[in-house]
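*Asks:* Chains as they are written, first to last, in the numbering used here: chain Y, 26 to 438; chain W, 39 to 155. Submitted below is the structure of interest, expressed as structure tokens.
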């Protein structure tokens, strides 16, 4: 069980913003003191560059930096820490893959498969790549409930989408709009049974912060996520990939730290992971990132998911009980199929007006298409309001949201 | 100051000049893909001045109120006068404080009007 009061006390923002009702963790999470302190420690005590100096401060920074790589590796059960690459965010990790892997393996006539529920960062890089190379860009649809349209048992539909020509299958673990938790393990194994050579890429930006991930059990080839959505600092993304594939890929950016030897007529590159980490990274942020993982592990990933599901179930029921037909909640009806994200339309009110009136009451939600325009077009709606939950949210936050929406109705009616 | 003043809400609930013109001299559409606001504006001129202007579309409170007030203001004004209008004018016209995000909603009708001049 989660001790909410104890958790909230560890987030300084609640002291600075009294009465804050933060329902936008899908955009970015709040940060516990232990993470902020660790950043401060690096900048105050040993703010040297990594992999360069042979003086003690630089060695300390390098050791702390590499320790995070090990913590991340263990957290997702990677084979070894060489499979962990630090980027700026999940978006950069996906662009790295489209560039360094996509441009290596995708030929004219090949197929790249994704889904209609993707964030733009897992949609546009592949769309552009397919157009550039002359490959086919295929999109898996959703059903009326917001689940991916093929049933695993009914692999006929999947066989129409996944073929021998499919080189890459890239999809999200948890939808940042619908909250749908996709059955990733089953999808990958079905796809690979049709075509064993498929490379499976999972956008786990909305999954890793909320549920236990074991990359080996999932059967994926690549997984991406961001530190800032899981209590960690901004400016740090992760790309996990199978070492064998990573070794064959093009480097992403060229420059400092990623080279082995440079001559006038040729350059050789470092091995993974450093081959993909050009230039000075976000050192303090990477160092502090491990504190957020330790924090999450202490609470327990299963407890986190259970807490969010309970709260989501409570919130959906409260919203429907209070507002009935005038509130439309998108995504799976079964709570088992979804995480702590609720996107909705309310009466005929514009999402921006709803979010603004809630903001005036200290309630932070997101309004817009949440970087998922193809999905909103599919849902036949321009924009939605999104409330999302994390470990520091409780039923009181839900009650405030309900009260806030009553006020929206009063003002705009 | 609260954005949702009575006067703003009144324009939102009962927008002035909402609708279409038959065979307008000019018409133009603008949209804000971020929030899905869409406005089409239609205009008739008499010599150099605005004779009639109407708008329709989907919008939030701010863009609807702004379109309502702006079309009121535009009538019988010359093209030159209207070309000079900028976001500062819109903020003054609405009489409310707008954050960086909502300012886009407020100036959307002005973008539509400028397309017609």
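Here a beta-carbon is modelled for each residue, glycine too, at the ideal position from N, C-alpha and C. Keep in mind the model is a prediction, meaning the values are calculated, not measured.
Spatial neighbours of residue 130 (chain Y) within its chain, please: C-beta separation below 8 Å, excluding the five flanking residues on both sides.
*Replies:* 192, 193, 224
*Asks:* Determine which residues of the segment 368 to 400 of chain Y have a Cβ less than 8 Å from any Cβ of chain W, and write them out in chain order.
*Replies:* 375, 376, 377, 378, 381, 382, 385, 392, 393, 394, 398
*Asks:* With 8 Å set as the bound, which would you pick, yes or no: does the beta-carbon of residue 437 (chain Y) sit closer than that to a beta-carbon of chain W?
*Replies:* yes
*Asks:* Check the Cβ-Cβ distances between residue 68 (chain W) and every residue of chain Y, and say whether any is below 8 Å.
*Replies:* no
*Asks:* Looking only at its own chain, which residues have a Cβ that is under 8 Å from the Cβ of residue 270 (chain Y), when we skip the five neighbours before and after it?
*Replies:* 126, 224, 246, 247
*Asks:* How far does the beta strand (DSSP E) with residue 95 (chain W) in it reach, from first residue to last?
*Replies:* 87 to 96
*Asks:* Determine whether the Cβ of residue 108 (chain W) lies closer than 8 Å to any Cβ atom of chain Y.
*Replies:* no
*Asks:* Which residues, in order along the segment 398 to 431 of chain Y, keep a beta-carbon less than 9 Å from a beta-carbon of chain W?
*Replies:* 398, 401, 406, 407, 408
*Asks:* Thinking just about the alpha-carbon of each residue, which of Y:53, Y:41, Y:31, Y:39 is nearest to the one in residue 257 (chain Y)?
*Replies:* Y:53
*Asks:* Using a Cβ-Cβ cutoff of less than 8 Å, which residues in the same chain neighbour residue 399 (chain Y) once the five nearest sequence positions on both sides are dropped?
*Replies:* 141, 143, 148, 164
*Asks:* If I'm right that residue 437 (chain Y) touches residue 378 (chain Y) with Cβ under 8 Å, what's the distance once you round it to whole angstroms?
*Replies:* 6 Å
*Asks:* When the Cα atoms are used, what is the spatial distance from residue 66 (chain W) to residue 147 (chain W)?
*Replies:* 10 Å
*Asks:* So, does the CB of residue 140 (chain W) fall closer than 8 Å to a CB anywhere in chain Y?
*Replies:* Yes, its Cβ sits closer than 8 Å to a Cβ of chain Y.
*Asks:* Note the first and the last residue of the continuous beta strand (DSSP E) segment covering residue 367 (chain Y).
*Replies:* Per DSSP, the continuous beta strand (DSSP E) segment holding residue 367 (chain Y) begins and ends at 366 to 371.
*Asks:* Please name the residue in W:140, W:57, W:79, W:107 whose C-alpha comes closest to that of residue 154 (chain W).
*Replies:* W:79
*Asks:* Who are the near neighbours of residue 343 (chain Y) in its chain, counting only those whose CB is closer than 7 Å to its CB and skipping five residues on each side?
*Replies:* 423, 427
*Asks:* Cα-Cα, which of W:135, W:136, W:107, W:128 is closest to residue 52 (chain W)?
*Replies:* W:107
*Asks:* What first and last residue would you give for the alpha helix (DSSP H) that runs through residue 342 (chain Y)?
*Replies:* From DSSP, the alpha helix (DSSP H) with residue 342 (chain Y) extends over 326 to 348.
*Asks:* Tell whether a beta-carbon distance below 8 Å holds between residue 75 (chain Y) and residue 318 (chain Y).
*Replies:* no
*Asks:* Residues of chain Y with a CB under 9 Å from the CB of residue 97 (chain W): which are they?
*Replies:* 375
*Asks:* State the start and end residues of the unbroken alpha helix (DSSP H) segment that holds residue 95 (chain Y).
*Replies:* 81 to 100
*Asks:* How is the alpha helix (DSSP H) around residue 62 (chain Y) delimited, first residue to last?
*Replies:* 58 to 70
*Asks:* Curious, which full-length alpha helix (DSSP H) runs of at least 4 residues does the segment 163 to 203 of chain Y contain?
*Replies:* As far as the segment 163 to 203 of chain Y is concerned, its whole alpha helix (DSSP H) runs of at least 4 residues are 180 to 186.
*Asks:* Just to confirm my understanding: we take residue 72 (chain W), look at its own chain, exclude 5 residues before and 5 after, and list those with CB closer than 8 Å. What are they?
*Replies:* 142
*Asks:* According to DSSP, is residue 77 (chain W) helix, strand or coil?
*Replies:* strand
*Asks:* Starting from the beta carbon of residue 81 (chain W), find every residue of chain Y whose beta carbon is closer than 7 Å, and list them in chain order.
*Replies:* What residue 81 (chain W) touches in chain Y: nothing, since even the nearest Cβ is about 25 Å away.
*Asks:* So, is the C-beta of residue 60 (chain W) closer than 8 Å to a C-beta in chain Y?
*Replies:* Among the residues facing chain Y, residue 60 (chain W) is not included, as its CB has no counterpart in that chain under 8 Å away.
*Asks:* Suppose only complete runs of 3+ residues qualify. What are the beta strand (DSSP E) ranges in the segment 116 to 160 of chain Y, listed by chain order?
*Replies:* 136 to 140
*Asks:* Can you list the residues of chain B that residue 74 (chain W) reaches, using a CB-CB cut of under 7 Å?
*Replies:* Any reference to chain B falls outside this structure, whose protein chains are Y and W.
*Asks:* Use the C-beta contact count for residue 140 (chain W): other C-beta atoms within 10 angstroms, 16 or more gives buried, fewer gives exposed.
*Replies:* buried
*Asks:* Using the C-alpha atoms, what's the distance from residue 221 (chain Y) back to residue 160 (chain Y)?
*Replies:* 19 Å
*Asks:* Just the Cα atoms here: how many angstroms apart are residue 111 (chain W) and residue 128 (chain W)?
*Replies:* 11 Å
*Asks:* Residue 77 (chain W) touches chain Y at which residues, Cβ-Cβ below 7 Å?
*Replies:* From the beta-carbon of residue 77 (chain W), no residue of chain Y is found nearer than 7 Å; the closest lies around 13 Å away.
*Asks:* Relative to the C-alpha of residue 119 (chain Y), which residue among Y:48, Y:195, Y:201 is closest?
*Replies:* Y:195
*Asks:* Which residues does DSSP pair with residue 70 (chain W) in a beta bridge?
*Replies:* DSSP lists W:75 as partners of residue 70 (chain W).
*Asks:* Taking residue 262 (chain Y) and residue 112 (chain Y) to be in contact with their CB atoms under 8 Å, please state how far apart those CB atoms are, rounded to whole angstroms.
*Replies:* Yes, they are in contact, since the Cβ atoms of residue 262 (chain Y) and residue 112 (chain Y) sit about 4 Å apart, within 8 Å.
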